[in-house]
Each structure stands twice: as C-alpha cells, then as structure tokens.
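Chemist: Chains B and Z supply the protein sequences, listed in that same order.
For the record, in the first sequence the residue sitting at position 27 is 69 according to my numbering, with numbers rising by one throughout.
For the record, in the second sequence the residue sitting at position 521 is 563 according to my numbering, with numbers rising by one throughout.
Protein chains: 2
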Amino acid sequence: MRRMISGGLIAVGLLLAAGPATAQDLVRLQQDPNQWVLPGKNYAGTRYSELNQITTQNVKDLKVAWTFSTGTLNGLEGAPLVVNNTMYFVTSFPNIVYALDLTKPGAPIKWMYKPNQDPTVQGVACCDVVNRGVAYADGKIVFNQLDATTVALDAQTGKVIWQVKQGDPKRGETITAAPLIVRNVVITGISGGEFGVRGFVTGNDLNTGRQLWRVYSTGPDSEVGIGPNFKPFYDDHKGKDLGVTTWTGDEWKRGGGTTWGWYTYDPELDLFYYGTGNPGTWNPDQRPGDNKWSMTIWARDPDTGEARWAYQMTPHDAWDYDGVNENILVDQEINGRMRKTLVHFDRNGFAYTLDRETGEVLVAEPYGPVNWAKGIDKKTGRPIENPEKRTKQGANTTNICPSAMGFKDQQPAAYSPRTKLFYVPTNNLCMDYEGVEVSYTAGVPYVGAIVKTYPGPGGHAGAFIAWDATTGKKVWENREKWAAWGGALVTAGDVVFYGTMDGWFKALDAKNGQELWKFRTGSGIIGAPMTYIGPDGKQYIAILAGVGGWAGATVSQDLSLDDPTAALGAVNAFGGLKSEIPRSGMLFVFSL
Amino acid sequence: MRRMISGGLIAVGLLLAAGPATAQDLVRLQQDPNQWVLPGKNYAGTRYSELNQITTQNVKDLKVAWTFSTGTLNGLEGAPLVVNNTMYFVTSFPNIVYALDLTKPGAPIKWMYKPNQDPTVQGVACCDVVNRGVAYADGKIVFNQLDATTVALDAQTGKVIWQVKQGDPKRGETITAAPLIVRNVVITGISGGEFGVRGFVTGNDLNTGRQLWRVYSTGPDSEVGIGPNFKPFYDDHKGKDLGVTTWTGDEWKRGGGTTWGWYTYDPELDLFYYGTGNPGTWNPDQRPGDNKWSMTIWARDPDTGEARWAYQMTPHDAWDYDGVNENILVDQEINGRMRKTLVHFDRNGFAYTLDRETGEVLVAEPYGPVNWAKGIDKKTGRPIENPEKRTKQGANTTNICPSAMGFKDQQPAAYSPRTKLFYVPTNNLCMDYEGVEVSYTAGVPYVGAIVKTYPGPGGHAGAFIAWDATTGKKVWENREKWAAWGGALVTAGDVVFYGTMDGWFKALDAKNGQELWKFRTGSGIIGAPMTYIGPDGKQYIAILAGVGGWAGATVSQDLSLDDPTAALGAVNAFGGLKSEIPRSGMLFVFSL
C-alpha cells in the first residue's frame with residue numbers, strides 16, 4: 043500500500059530537499075497513503091488519498107464503524123490525523139487533544155490533554171471557538187490553543203514538551219489555525235482581524251519552542267520580512283515599506299492581515315504559502331489606501347520567514363474578503379505549458395490559479411455569481427471593480443455578491459490528479475454592508491460595519507462544486523440548502539466526501555457529482571474528512587461533526603435571532619439552522 | 043404487526059378497565075409492537091418488544107441507521123418514545139424536548155421545546171442533572187423539568203398546553219423522573235432525598251394540569267393517603283400514623299422518601315406502583331425508628347392516590363438503599379400457583395417477587411454478594427440484619443455490600459415472556475460508610491454520611507444478569523468493568539440490549555448471555571434502549587448515549603478526583619472513567 047502520493051514532482055521534491063531525520067520522517071509519512079499526517083494530507087494540501095478500497099460502486103455500503111464523543115459542543119473544523127495507528131485531533135475550546143489507539147476495539151483513548159485556559163478568551167474569538175487541527179512531526183503533536191499558546195506534546199504520552207505564548211488575548215489575539223511544520227520549524231499564524239490585531243506569522247523551533255523568526259502582515263519592510271529576495275510579479279506590489287505607505291497615519295498598527303487560514307509548502311521551491319485577512323476595521327473609509335499587506339497571498343522561506351513574492355487580491359478591501367483560504371499546490375498545464383501552480387478559491391469570489399514560483403496570475407475567474415468586480419486585470423493583477431458595490435461609511439450598499447463570508451471560507455477544497463479537478467465546498471451568499479466609524483480599544487471589537495447576509499441567486503446558501511483550475515470553469519455542482527462549510531476529501535476510488543451544515547455526510551462521484559451515499563450525523567458538519575488504513579487493512583473515512591464556526595455560531599453559541607446583523611451578519615442567513623440542528627461534538631468513522 | 047403485547051392478562055385487563063377515549067388510545071398504542079409509547083414499553087414496565095426482525099442470528103449485522111445530537115453533555119437516562127412515526131425524548135438539563143419526524147430521511151426535527159429554567163437549579167440536583175423521559179397520552183407529551191415543573195406539550199406542535207410547579211428548588215425539590223399517565227391523571231414524583239425533602243407523589247389532570255391529589259411519603263395517615271382501604275400484608279406496616287410515630291420528633295418533616303424512580307400500573311387491579319427513597323439524612327443515628335414510609339413500595343389508586351398496601355424493604359435505613367427501583371408487573375407461577383407478581387431489584391441487594399395484590403413477599407433473594415443482611419424474614423417481611431454492617435455515627439463501617447448505589451440503581455430491567463427471565467443491569471459495588479451529624483437548612487445538602495465506594499468481590503464494578511424471579515436465582519451473567527448503569531431491552535428475537543458506561547452498546551443472546559454484537563458509541567451509556575418499526579417497515583433500535591448520573595457524574599460534571607468520597611462516594615469507584623470516556627449527548631438508531 044505504500045505508493046507515492048499524487049504529484050510525483052512533489053514527492054521527488056521532498057526527497058531532494060533532504061534535511062534532518064525529522065524532516066525525512068514527515069516526508070516518508072505523508073507519502074504513505076495508509077496514514078494521514080498533515081491536516082491537508084500532504085504539504086501540497088491536496089486532500090487527495092491514493093486509497094481505493096472505497097469506490098463509486100461500493101460506497102453505498104459505507105457504515106459507521108465506530109464513534110467518539112469529543113466532550114465539547116462548539117464548532118469542529120479540521121480533520122483528525124492518523125500516525126502510526128494512532129488518531130490525533132483537537133477539539134474546539136477548551137482545545138482537548140485526544141490520541142485514540144486504533145489497534146484496539148473501539149479505539150480507546152491512549153491519552154488526552156486538556157489545557158487549562160482562561161475561559162474569558164472565548165470572548166475575543168470572533169466566530170465561535172473553533173480549532174483547525176494538530177500537526178505532527180518527529181514524535182510530537184503540535185497545536186495552537188485559542189489563547190494564542192502553541193504547545194508541543196509527546197505523541198506517545200501526551201506530555202507537554204514545550205509551550206510558547208504567541209500573542210495576548212487581552213489584545214484580541216487568539217489562534218484557531220493548525221500549525222505547519224517544515225523541517226525543524228513550527229509555523230503558526232494569529233487570529234483577531236475583528237479586534238484590530240496586527241497580523242503576523244511565527245517560526246518556532248520544533249524541539250525547544252524557541253522563536254526563530256516573526257514576520258508581520260503590515261508595517262515597514264524590515265518587520266514584514268521583505269528584503270533583497272522579494273520579487274513580486276506585479277508593479278503594484280513593488281516599492282519600499284508598502285505595509286506603511288498604503289495606509290493612512292498609523293492605521294497599519296491595527297491593520298489586521300491576520301493569518302488564521304491554512305498553510306502549504308513546496309519542498310522543491312522550499313517556500314511556504316498562506317494568505318492574510320481583512321485590513322483592520324471593516325469600514326474602508328477609515329483606512330484609505332491599498333492597505334498592504336492585507337488580503338495577500340505570500341510565498342516565504344520557512345527557515346527565515348523571508349518573503350519571496352506577494353500578491354494582494356483585494357486592495358483596499360471594503361467587504362471583509364479575507365485572503366486566508368488555502369493554497370493548493372499542484373502542477374498543471376496552462377495554455378499548453380506545464381506550470382507550478384497554486385490554486386486559491388478566495389473569499390472575494392474569484393478562483394485564482396497562480397504561478398507559485400512568481401506570483402503571476404494565470405487564471406482568475408469567478409466561481410460564483412460575483413458582482414463587486416468584473417474580473418481580474420491580468421496586467422496589473424488588480425480587480426476590475428464595479429463602483430456600485432464598493433461599500434462606504436454611512437451608506438448601506440446592498441446586494442453585494444459574495445458576502446463577507448465569501449463563496450468559500452475556511453472549508454478546504456481538494457484536488458484529484460485522476461480527474462484533474464478541484465472539489466470545492468462553497469457558499470452562495472450575498473450581503474448588504476454599511477461602514478460605520480469605530481474607534482480602537484485594545485481587546486474590544488474593531489469591526490466598523492453593519493452586515494446582513496442572505497442566500498445568493500437561486501436561493502440556496504451553498505453548493506459543492508468541481509472546478510477546472512486550468513480554464514477557470516465549473517464542471518458540475520451539487521446544491522445545498524445551507525453553505526457547504528466543511529472541507530473536501532477526494533480519493534483514488536474517485537469518490538469525493540464532504541459534510542453539510544444540516545448534518546449529512548455525503549459521498550459524490552468525483553467525475554460527475556452524482557450523490558452516491560449520505561449519512562445523518564445528527565449535527566452540522568464544518569470539519570474536513572480524512573481517510574486511512576486501519577490495522578485490519580481496511581480503509582476508513584473519518585469526519586468530525588459539530589456545527590459552529592462563523593456561519594454556525596447561531597447554533598453553537600446559541601445566539602439570539604432578534605438582530606439579523608448579529609454575528610457579523612451571520613444571524614440573518616443562518617438563524618434558521620437553530621431549529622434544524624443541535625450542537626454536537628462527535629467523531630464518526632466509517633468503513634465498508 | 044398489531045399483535046397483543048405479552049402477558050395477555052394485562053392486555054385483557056386494559057380492555058376491561060374501559061375509561062375515556064384517551065385511556066383507550068394509550069391502551070391501544072402500547073399494545074402495538076411497532077410503537078413505544080411508555081418509558082417501559084407498557085404499563086407493566088416489561089421493556090419487552092414483540093418485534094422479531096432482529097434475531098440472535100442476524101444481530102451481528104446491526105448498523106447505525108442515523109444519529110442525532112441532543113445538544114447537551116450531561117447524563118442521558120431513559121429511552122425515547124415513538125408514537126405515530128414521531129420520536130420524542132427529553133435531554134438532561136436544560137431538558138430540551140425533541141420531536142423527530144421518522145417519515146423523512148435522517149429524521150429531521152419536527153419541533154423542539156427548550157424550557158427557560160433558572161440554571162442555579164442544577165446546584166440542588168444530587169447526582170447529575172438527568173431526566174428519565176417523557177410520557178405520551180391523548181396527543182400530549184408530558185415531562186418534568188429539573189426545576190420541579192411538570193409541562194404538557196401538544197405532541198403535534200410542541201406548544202405548551204399547561205405547566206404546573208410541583209416543588210421549590212430553593213428547598214432542594216427537583217424532578218428527574220418520567221411521569222406516568224393513567225386515564226386523565228398525570229402521576230409525578232419528586233427528587234431531593236439529599237436535601238431533606240419530604241417526598242410526595244402528585245396526580246394532575248391531563249387536560250388542565252389541575253392538581254387532583256398529593257400524597258406524602260411521611261407524616262400522618264391523612265397526608266400519606268392511608269385510609270380504610272389500606273390493607274398492608276405485614277403487621278409491621280399496620281398502625282396509625284406510622285409516618286410520624288416511627289420517627290423521632292419532627293424528623294419526618296424532612297424525612298426523605300422521595301419518589302424519583304419508575305412508575306408502573308396494573309389496569310386490572312387499577313393500582314399503580316412505585317418505591318420511595320432514603321429517609322432524610324443518611325446518618326441513621328439522627329433518626330431512630332423504622333422511618334416509615336421511606337424505602338417502601340406502594341400500591342395506590344391512580345384516581346385518588348389512596349394507598350392499597352405498602353411494603354417497607356429497609357426499615358431504619360443505614361446505607362442509603364433507596365427503594366425507588368422499578369416494579370415490573372408480570373404474572374408468574376410461584377410454587378405451582380399463578381400469582382400476580384411485582385418484581386423489584388432493590389438497591390439493598392435483594393430481588394423481591396411480591397404479590398402485587400397484597401404486598402406479600404413471595405421470593406426475596408440477593409442478586410449480588412449482599413452482606414448487610416442474611417435474608418428477608420418471610421413472616422415479618424423484615425431483613426435479617428448482620429449487626430456488623432449496620433452503620434453508625436462517628437464510626438467508619440467498612441466493606442458493606444452493596445454500596446449506597448445498590449446492586450442496581452435507576453437502570454431498569456426487562457422481562458421476556460418467552461424466556462420467563464428478567465434481564466438486569468447491575469452494579470457490583472461495596473462501600474465504607476460513616477454517619478456524621480448534620481443540621482438542616484432548606485436548600486442545602488442534608489446528607490450526614492461519608493461514603494467511599496469500590497468494586498465488590500471479583501473486582502469488576504458491574505454485570506448484566508438474567509434472573510429467575512420465581513426461584514430467586516441468577517441464570518447467567520455477563521461481567522462489565524464498570525457498573526451496568528443503563529437500562530435493558532429484550533425482544534421476541536430473543537436478543538437483549540444494553541449499554542455500558544465505557545461506551546459499548548451490546549446485544550446478548552437472551553437465552554444464554556452470549557455476546558452477539560457490540561458497537562462503540564464514543565461515550566458512556568446510562569440510558570435505556572427501545573425498539574420500533576419505522577415507516578419503511580424495518581425494526582430499529584434506539585439508545586441515548588451520554589455518560590453521567592450518580593456514577594458517571596465524575597465525567598459529566600468534570601469532578602475533581604482529589605477526594606475519593608466526593609459525589610456521595612462515587613469519585614473513588616468511577617474517577618477512572620474520566621480518562622476513558624468523554625461527555626456526550628447523542629442518540630443512536632440502529633437497523634439491519
């Protein structure tokens with residue numbers, strides 16, 4: 043069963059980038075289809091598994107093999123890992139980490155680790171108290187607590203090896219993202235875009251936790267990690283200290299650009315990729331300028347944090363189109379030429395296919411009914427805006443598509459090298475948006491907008507789609523009543539899996555989107571499926587079920603439905619979920 | 043599929059006891075094996091189903107059909123009902139009632155009702171904030187809130203029809219039991235034996251909620267419902283105002299005898315049956331006398347509450363052997379003669395087979411390694427005590443079996459007319475017990491004992507057993523690591539179902555106890571299984587999974603393990619569960 047992962051180039055690349063033993067171990071493990079050792083399966087984040095016991099023919103017979111309760115009721119994002127016959131995952135706050143022994147019947151707890159966090163940290167989590175997963179490397183499980191602490195545990199025993207405070211919740215700094223580990227560097231971001239946090243990314247030593255580097259999303263080049271090796275593709279991104287000069291006054295100091303999304307890595311180029319979130323306040327009139335480097339995809343050196351290129355998707359954001367969505371690294375033929383691409387489905391409604399060596403936009407097409415921009419200018423890299431949809435302070439701009447939640451939010455897409463398609467869980471949401479003046483106080487929301495969200499054209503709030511990133515075209519779609527807020531998995535059995543906010547875990551035919559199977563988990567799914575081979579040689583599929591996150595916070599946080607603009611606009615669109623789905627915290631594991 | 047329920051006499055009796063249309067409806071519904079309209083399946087509380095699609099041969103193929111999250115994390119006792127293709131159940135605090143539409147895929151919510159209770163009521167629940175189920179009659183769902191409110195909802199819409207306050211949580215009065223409805227009378231008890239509550243049972247009008255009668259467990263005959271028709275079998279139970287005279291001073295006013303267990307009803311005799319709990323403080327030296335009518339099984343008239351007979355199992359209790367366990371009503375041949383019997387597995391470790399017309403003890407044998415008494419004197423009905431095991435104030439009496447939790451607690455047994463056996467989930471627990479002086483303050487614990495609980499002989503904390511109640515003999519047993527704290531179900535397929543505190547839902551062969559199947563629910567089970575036929579004609583088995591209750595409170599209430607005597611002695615015996623099983627609130631529904 044130990045075949046190479048898809049994208050032979052990546053595997054070769056990993057071998058070329060020979061580092062210390064620890065790196066080699068992680069490389070070997072992620073090539074093993076029997077295991078699932080990174081949140082996105084591999085450094086490329088394809089969420090593609092070579093396993094093919096479960097096929098389009100037999101998936102109809104999939105059954106629950108066993109279940110496990112997380113002991114929590116808030117939203118469960120992310121996917122479990124399976125390393126050496128142990129399953130690892132972390133819950134929503136209080137961020138309990140479980141290690142389950144897959145070699146024993148019913149997968150009993152091997153160890154559990156419950157951090158002792160100040161519960162008041164939950165008050166500065168903008169959108170439910172989620173966590174997107176643990177990382178594994180060199181016998182360690184590394185994860186981020188909501189209170190902005192990064193913790194390394196012994197994977198065998200759950201004992202704490204080190205912990206490091208990355209930020210201060212009293213200033214609104216929290217962490218919800220999964221770490222990325224490259225060689226001996228643990229890479230983590232920060233959340234708090236709604237609290238005027240100045241975003242950053244940190245590298246810590248895997249063995250000691252010592253901080254190796256930190257680079258900010260705003261501010262002078264020296265603090266942003268911009269140096270002589272920074273070679274952005276577009277003129278727009280060239281110039282000294284743009285992280286200061288594209289802002290008014292010192293607004294960059296509370297400039298957002300937080301880094302709470304997914305991280306991927308190309309071992310051959312030795313670059314890691316991530317996106318930054320919204321600029322400071324949501325009120326655009328309070329921060330004239332392009333607001334660099336918010337809303338930006340970055341390529342950086344994992345050893346130093348140094349930037350190689352950057353590409354800002356949404357200059358001077360007026361819609362909260364955070365650029366944090368995952369960047370999937372695959373090599374594709376574009377216009378007859380093989381390119382090392384990065385594919386990114388942005389909150390702003392455009393699906394970008396970039397050259398991941400240079401940051402050049404190769405393809406940028408809407409993957410939903412975008413109306414704030416007519417397209418992306420390939421010469422400048424900038425969106426061609428529709429002035430009617432640029433929001434303002436003191437005026438309610440209506441019917442903007444997508445909504446602040448984007449046509450996609452945290453829910454990660456998958457890519458199959460067999461079909462050469464991307465599988466994308468999407469939202470179909472539009473909004474009304476009005477900027478309001480807001481003043482900054484540390485640790486207090488710094489939002490500055492009134493937002494009302496509702497389903498877009500068609501009236502459905504989401505769809506699961508297949509996307510050709512070489513042409514920028516949707517191949518098929520499966521509509522959902524609610525946003526498809528959970529991640530995707532695609533396998534060599536040509537089956538694609540995802541969950542819905544109303545509790546169905548589904549299997550579709552990767553080739554045509556036909557629904558082949560579904561199971562009712564009893565609560566909404568916002569997590570990402572994964573697959574592995576158990577000690578018995580059988581293929582298993584696992585999914586965490588627990589509604590929540592920004593969209594599902596109406597349920598998980600039991601919000602009042604009185605104000606449709608509450609929860610940053612979520613209540614209007616998702617209030618109805620409260621009468622359809624209860625809160626939950628469950629792991630479901632399926633097999634034939 | 044509409045066959046008579048087992049025990050033809052009971053069904054005939056129901057027809058003879060022809061009352062208003064509403065009663066007839068409930069009679070008809072409980073005879074229908076496709077439905078499950080009473081917590082114990084029928085008035086007799088047999089938890090036996092005529093359904094036989096699932097057999098000892100095919101139960102190995104049982105799979106999860108669908109699941110539902112309750113949205114809660116405290117202990118889930120009781121079983122759902124299924125009436126007219128709708129499944130109804132109530133959660134632990136905050137006591138959300140769900141109606142699920144079985145006619146639609148995934149059984150979506152038809153309605154839900156979330157009471158608005160003062161959360162501080164949780165502080166006066168002795169042993170987790172459980173609830174043992176809803177009752178159905180005449181288009182209404184009736185249930186008890188923890189805050190001692192009885193509520194009737196429209197079964198179609200979930201709208202409140204009436205609600206009645208039965209007690210005052212500020213005095214420690216709460217309700218955890220399921221109501222019993224007989225004709226137009228809703229019968230409910232009260233909890234609070236650890237708060238010096240004076241126990242009572244109330245009859246309310248099904249249509250209006252108006253109180254029809256209330257009878258107390260202690261006090262003068264006039265308040266206890268003892269009148270000219272009271273004909274106890276034993277001399278010990280005869281005399282005026284024993285509910286006062288068997289106490290010292292006015293201790294009867296805080297005399298316990300709470301009524302939080304299961305209720306059954308014999309339509310032919312027109313009597314309902316229930317047991318009363320421990321006398322006031324657990325310190326026996328503070329309340330000399332027999333302490334009537336604590337620890338007593340009652341037979342009463344449902345229209346008036348008037349007592350027909352009573353039988354006190356544990357006079358002057360010194361062990362907290364609450365007499366509240368269920369009384370299962372079946373007709374059995376005892377010594378060659380058919381008797382209308384009542385079978386009761388008491389906390390004190392004896393399994394009683396009584397004549398339910400008279401209260402005579404026919405059989406009383408230990409169903410575990412009892413050592414506090416050598417047996418029950420058939421002439422007097424009194425236990426033959428071992429003086430060494432009678433607890434005292436100021437002295438630690440050690441190695442008493444059973445423990446205060448009994449060899450069985452709330453977990454209800456089942457009876458199969460096919461095997462003529464009772465299926466009993468049991469504890470194997472012993473204890474050390476020391477009485478301590480305590481003074482009464484309303485709403486403050488009035489316990490007066492230090493208790494430490496541990497597994498009994500053999501080292502296992504529980505077992506699931508089959509019992510012949512005509513001879514008082516155990517036929518087989520299946521040992522469990524933890525107490526078998528969940529209820530039993532037995533079917534005409536000769537399969538018996540129960541769950542374990544460490545999360546396994548199991549099927550055994552009713553004839554020999556062989557384990558045929560098990561499934562890992564991911565949290566401990568303390569609820570009771572039920573079965574029904576779905577709209578598709580298939581047999582389903584449902585179980586609520588959520589560890590908690592007295593034994594599981596270490597997990598559900600996240601108790602510190604520092605003091606082994608905490609949680610009324612539970613921590614020492616059950617602290618280890620915390621590292622094995624998380625909290626949960628899930629409904630699992632299985633089918634072939």
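Built from N, CA and C at the ideal position, the CB exists for glycine as well.
All values derive from a computational prediction rather than experimental measurement.
1. Beta-carbon of residue 628 (chain Z) versus every beta-carbon of chain B: anything under 9 Å?
2. Would you say residue 622 (chain B) reaches chain Z, if we count a Cβ-Cβ gap shorter than 9 Å as a contact?
3. To the nearest angstrom, how far is it from the Cα of residue 287 (chain Z) to the Cα of residue 533 (chain Z)?
4. On the CB-based measure, 16 or more other CB atoms within 10 Å of its CB, does residue 63 (chain Z) come out buried or exposed?
5. Give me the Cα-Cα distance between residue 609 (chain B) and residue 592 (chain B), rounded to the nearest whole angstrom.
6. Out of Z:108, Z:137, Z:123 and Z:100, which has the shortest C-alpha to C-alpha gap to residue 117 (chain Z)?
7. Hey, does residue 564 (chain Z) have any beta-carbon neighbour from chain B nearer than 9 Å?
8. Out of B:227, B:292 and B:565, point me to the one whose CA is closest to residue 312 (chain B)'s CA.
9. So with CB distances below 8 Å, who are the chain Z contacts of residue 521 (chain B)?
10. Is the CB of residue 546 (chain Z) under 9 Å away from at least one CB in chain B?
11. Mind listing the chain Z neighbours of residue 105 (chain B)? Cutoff is C-beta to C-beta under 8 Å, in chain order.
12. State buried or exposed for residue 129 (chain B), treating a residue as buried only when at least 16 other CB atoms are found within 10 Å of its CB.
13. Pull the bridge partners of residue 521 (chain B) from the DSSP assignment, please.
14. Rank Z:188, Z:263, Z:120 and Z:141 by C-alpha distance to the C-alpha of residue 195 (chain Z) and give the top, closest one.
15. Should residue 395 (chain Z) and residue 468 (chain Z) be called a contact, given that it needs their Cβ atoms to be closer than 9 Å?
16. Look up residue 598 (chain Z) in the DSSP assignment and say whether it is helix, strand or coil.
17. If you pair each beta-carbon of the region 491-504 of chain B with each one of the region 609-629 of chain B, do three or more pairs fall below 8 Å?
18. Taking any Cβ of chain Z, which residues in the region 96-129 of chain B have a Cβ under 7 Å from it, in chain order?
19. Give the DSSP-derived three-state secondary structure of residue 213 (chain B) in the structure shown.
20. Hey, how far is the Cα of residue 620 (chain B) from the Cα of residue 400 (chain Z)?
21. Of all the beta strand (DSSP E) runs that stay within the bounds of the region 323-380 of chain Z, which reach a length of 3 or more residues?
22. Indicate the three-state DSSP secondary structure (helix, strand or coil) for residue 623 (chain B) in the structure shown.
23. Hey, would you say residue 642 (chain Z) sits closer than 9 Å to residue 405 (chain Z), going by beta carbons?
24. Can you tell which of Z:485, Z:374, Z:527 and Z:422 has the C-alpha that lies nearest to the C-alpha of residue 463 (chain Z)?
25. If I measure Cβ to Cβ from residue 517 (chain Z) and keep anything under 7 Å in the same chain, skipping five residues before and after, which residues do I get?
26. Looking at the secondary structure, which residues open and close the beta strand (DSSP E) in which residue 479 (chain Z) lies?
27. Contact criterion: CB-CB distance below 9 Å. Does residue 398 (chain B) meet it with respect to chain Z?
28. Hey, residue 366 (chain B) and residue 303 (chain B): beta-carbon distance below 9 Å or not?
29. Which residues does DSSP pair with residue 240 (chain Z) in a beta bridge?
30. Answer with buried or exposed for residue 47 (chain Z), where buried requires no fewer than 16 other C-beta atoms within 10 angstroms of its C-beta.
31. Nearest-angstrom Cα distance between residue 200 (chain B) and residue 244 (chain B)?
32. From the DSSP output, read off the bridge partner residues of residue 557 (chain Z).
33. What do you get for residue 596 (chain Z), buried or exposed, if any count of 16 or more other CB atoms within 10 angstroms of its CB means buried?
34. Would you call residue 75 (chain Z) buried or exposed, if buried means 16 or more other Cβ atoms sit within 10 Å of its Cβ?
35. Could you check whether the region 217-224 of chain B touches the region 182-189 of chain B, counting it as contact only if at least three pairs of C-beta atoms, one from each stretch, sit closer than 8 Å?
36. Measure the alpha-carbon distance for residue 484 (chain B) versus residue 292 (chain B) and round it to whole angstroms.
Modeler: Taking the coordinates as given:
1. yes
2. yes
3. 46 Å
4. Here the model assigns residue 63 (chain Z) a pLDDT of 49, short of 50, so the residue's position is not dependable, and the following value carries that caveat. When all chains shown are included, residue 63 (chain Z) counts as exposed.
5. 7 Å
6. Z:137
7. yes
8. B:227
9. The contacting residues do not exist; residue 521 (chain B) stays about 16 Å from chain Z at best.
10. yes
11. 105 and 106
12. buried
13. B:505
14. Z:141
15. no
16. helix
17. yes
18. 105, 106, 108, 109, 110, 111, 112, 113 and 115
19. helix
20. 52 Å
21. 338-342, 349-354 and 369-376
22. coil
23. Beyond the ends of chain Z as shown, which are 43 and 634, falls residue 642 (chain Z); an answer cannot be given.
24. Z:374
25. 463, 508, 509 and 510
26. Here residue 479 (chain Z) belongs to no beta strand (DSSP E), and DSSP marks it neither H nor E.
27. no
28. yes
29. Z:298
30. Low per-residue confidence applies at residue 47 (chain Z): pLDDT is 38, beneath 50, and the placement is therefore not dependable, though the value from the model is reported in the following sentence. The residue is buried, with at least 16 neighbouring Cβ atoms inside 10 Å.
31. 24 Å
32. Z:550
33. buried
34. buried
35. yes
36. 15 Å
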